[in-house]
Structure formats: C-alpha cells, structure tokens
DNA sequence: TGGATCGTTTGTGTAGGACAAACCATTAAT
DNA sequence: ATTAATGGTTTGTCCTACACAAACGATCCA
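Residue numbers (the numbering used here), protein chains in the order written: chain A, 19 to 177; chain B, 19 to 177.
(1) Output the distance between the C-alpha atoms of residue 76 of chain A and residue 149 of chain A, rounded to the nearest integer angstrom.
(2) Would you identify the three-state DSSP class for residue 42 of chain A, choosing helix, strand or coil?
(3) Please report the residue range of the beta strand (DSSP E) in which residue 105 of chain A lies.
(4) When you compare each of A/61, A/59 and A/93 to residue 74 of chain A by their alpha carbons, which one comes out closest?
(5) Counting only beta-carbon atoms, is residue 76 of chain B nearer than 8 Å to chain A?
(6) Tell me which residue opens and which closes the alpha helix (DSSP H) that residue 118 of chain B is part of.
(7) Evaluate the contact criterion for the stretch 143 to 160 of chain B versus the stretch 114 to 131 of chain B: three or more CB pairs, one atom per stretch, below 8 Å.
(8) Hey, would you say residue 118 of chain A sits closer than 8 Å to residue 61 of chain A, going by beta carbons?
(9) Do residue 155 of chain B and residue 152 of chain A have their beta-carbon atoms positioned less than 8 Å apart in this structure?
(10) Between the alpha carbons of residue 157 of chain A and residue 112 of chain B, how many angstroms are there, rounded?
(11) Tell me whether the beta-carbon of residue 41 of chain B lies closer than 8 Å to the beta-carbon of residue 137 of chain A.
(12) Can we say the stretch 43 to 63 of chain B touches the stretch 44 to 59 of chain A, given the rule of at least three CB pairs closer than 8 Å?
(13) Counting only Cβ pairs nearer than 7 Å, list the residues of chain A close to residue 103 of chain B.
(14) Verify the CB distance criterion: does residue 96 of chain A have a CB-CB separation below 8 Å to chain B?
(15) What residues in the stretch 131 to 142 of chain B bring their beta carbon closer than 9 Å to a beta carbon of chain A?
Next up, the structure:
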C-alpha cells in the first residue's frame, strides 16, 4: 500500500538455501584449510575478530552464538598457534581483550587466498559482480547482527 | 584486462560470513521448527525436493552432499510424517523417485511462514529488497551447483 | 549366469557443541 | 571489610550429526 506496484508475492525464505550453500562451502573448505592447521570455525572466529578489531571473550561468545566454555577451547587453539593474543583489559582486569596477531592476520589472508578455488567451485553460478554483491549483503547482515548482540558493550566506548 | 576500470582490490571471500550467518539462522530456526516436528536439515531436503520437483535418492545425496545411508534416515523421517513419497521409478525399478506430497508442500509453506520472524531477526540489517536480492543470489548459486552435481541425470530427461 | 547398481539396515567411530560444576582473579555493593 | 557478582578457565558428561564399512535384497545389464 506504500507505493511500489511490485507483485505482492509471498516473500522468499532464504534460510534453507543459506544452510545448504554454507554446508557445501564448509565441506570443501575443510580439506583446503587443513594444511594450514585451521578448521572452518577457526576461520569464522578469525574473520570476526578482524572485522571487530578485537573483542572480549564474552562478546565474542555472543556474536558467535557459542557457549563460553567452547569459545575458550577455540581461542586456546588459536593462541597456541600465535594467531591471536589475549591481553588483560586495563579497564577491567578480569577481562581478556582478544586480538589478532600479525601472524594471525597473515594466515587469515593466506587462508582466504587458498579458499578462492573453493568459492569458485561453489559459487560457479554467480558472476564476479554477483559474488561481490553477495559478500556485501552477508557482511552488512552479520555486522548489524553483531551490533545487536553487542548491547551496551562498555568494553569499547567507540562502539 | 577486459574492460572495467574497477579498482583491483583483492576479491572478498564470503565463506566465513556465509558460515557465520548460516549458523545464526540455524540456531534460531531449531526452536521455531521443533513444534512442526522438523529440524533444519529436514527443511533443506524439503526445499531442495520442491525446487527439483522430485529426484532419485542418489541424486539427492549428491546435491545435499550427504552420505547415502544418512539420506535414507532423513527420508525415513519425512516419509513417516507423510511429507514425501517414495515411488519406484518405472524406468529403473531399483530407483526410488522421491517427491513431496501435498502434506509436505503445505508443511513446507507453514515452516517458511514460521521462519519469517527468524529471518527478520537475523537479516535485520538488510532491507526487504536486499533480502530478495540475497535470495536470488543464493538460489542461483545453489541451482547451478545442483546442475553440476547432477551430471548425466538419466532419471529425468527434462533435466 | 554373473557382475554392477540402488536402496536399505545395522553398527562403529569421531567430532561439534551444549551444559553443569567447581575454581581463581577481580570488581562492585553493602 | 566482608560479601556477592562477574569474566575466564578447566573438567567432565551427554547428545546429535555425520562419515564410513559391511552385508543384504532387488534389479539391471552384459
């Protein structure tokens, strides 16, 4: 009733498609990531940390929607490889501020490069431009969600 | 070197984002789908079957990238609820042609409707138009992949 | 007739991840 | 100052998804 004369068809649900495509991607990614000593969920954590530029473990747990105890294990893996660094927060010494190390940044780049072939295979139905659009949409959606999850993040006043 | 004067920045990798967003969606979907007696992977199977309009179990296994034995269990669940139907293929009586029943179609619609709130929450960072674009991209990508997987599908000559 | 294929059943193993309990260090409230 | 609450960690238990193998019946094909 607003303005557009668009056909009022039922909105498409992309949950199942998202799941399906994600699964295809993840399955193939595992073999590519293995030589780097990474698993798909490590890559997610690294990616999120890079996008955030650091986070407390609690916030990270919220964003990843993982149980806190499992986040500990995940970060232990990454810290053992010197990919992340846990520093005590100066404002609240109970907190750990988790950040990517230089090694982590570099490995993340290498991993993403290695995944190029996988993406080419899974997203073969899309043009380069469409893939970029897809990336933008996914990025925008996840970022907004993260902001939602990060209600009252006193940790980082810039948030 | 083709034509476009686009800035030549490293292409963005959306594997991790895809995984991340998919996880968020799946976690929330579970509670919504539970009252309907469905799990996320059931919904994927139903969705794929609807998009395909029927398939042999083998092809379905390829598309879902699942082990054949696990597909059997998945279909057993769905058949027990009368959501799908297994018919013997007339051309090759070893094969089962799997198709949605009317009940299945209706339940799938109901499930998608129930998932509207979940999508609204997870995709709150996107406008309606952007969500539609996302759907189109995901649909296009999965369909192409399915065609790839379905090499020489003698089952359905129309393919 | 014999070998290959589709689907099915059963069983085994592994991994992800949820959850709970107990602990330490630290902060905040009284 | 004592107490309660919080962030992180460890340990241990449990469940589910899934891959994988083996064996079977039915069917197709050479």
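Glycine residues also receive a C-beta, built at the ideal position from the N, C-alpha and C atoms.
Reading it off the structure:
(1) As a working note, residue 76 of chain A is residue 58 in the first chain. As a working note, residue 149 of chain A is residue 131 in the first chain. Their Cα atoms are separated by approximately 32 Å.
(2) Your numbering for residue 42 of chain A matches position 24 in the first chain. Reduced to three states, the DSSP call for residue 42 of chain A is helix.
(3) Working through the first chain from its first residue, we reach residue 105 of chain A at position 87. Residue 105 of chain A -> beta strand (DSSP E) spans 102 to 106.
(4) Here residue 74 of chain A is taken as the residue at index 56 of the first chain, counted from 1. The shortest C-alpha separation from residue 74 of chain A is found at A/93.
(5) Along the second chain, read from residue 1 onward, the residue named residue 76 of chain B stands at position 58. No, no contact with chain A.
(6) For the purposes of this step, residue 118 of chain B is identified with residue 100 of the second chain, where counting begins at 1. First-last for residue 118 of chain B: 114 to 118, but that is the beta strand (DSSP E), not the alpha helix (DSSP H).
(7) no
(8) As a working note, residue 118 of chain A is residue 100 in the first chain. As a working note, residue 61 of chain A is residue 43 in the first chain. Cβ atoms of residue 118 of chain A and residue 61 of chain A: not closer than 8 Å.
(9) As a working note, residue 152 of chain A is residue 134 in the first chain. As a working note, residue 155 of chain B is residue 137 in the second chain. It is a contact, given that the beta carbons lie within the stated cut-off.
(10) Taking the first residue of the first chain as 1, we reach residue 157 of chain A at position 139. Taking the first residue of the second chain as 1, we reach residue 112 of chain B at position 94. Cα to Cα, residue 157 of chain A sits roughly 46 Å from residue 112 of chain B.
(11) Here residue 41 of chain B corresponds to residue number 23 of the second chain, with the count starting at 1. Here residue 137 of chain A corresponds to residue number 119 of the first chain, with the count starting at 1. Taking 8 Å as the Cβ cut-off, residue 41 of chain B and residue 137 of chain A do not qualify as a contacting pair.
(12) no
(13) Taking the first residue of the second chain as 1, we reach residue 103 of chain B at position 85. What residue 103 of chain B touches in chain A: nothing, since even the nearest Cβ is about 20 Å away.
(14) For the purposes of this step, residue 96 of chain A is taken as the residue at position 78 of the first chain. It does not; no Cβ of chain B falls within 8 Å.
(15) 131, 133, 134, 136, 137, 139, 140, 141 and 142
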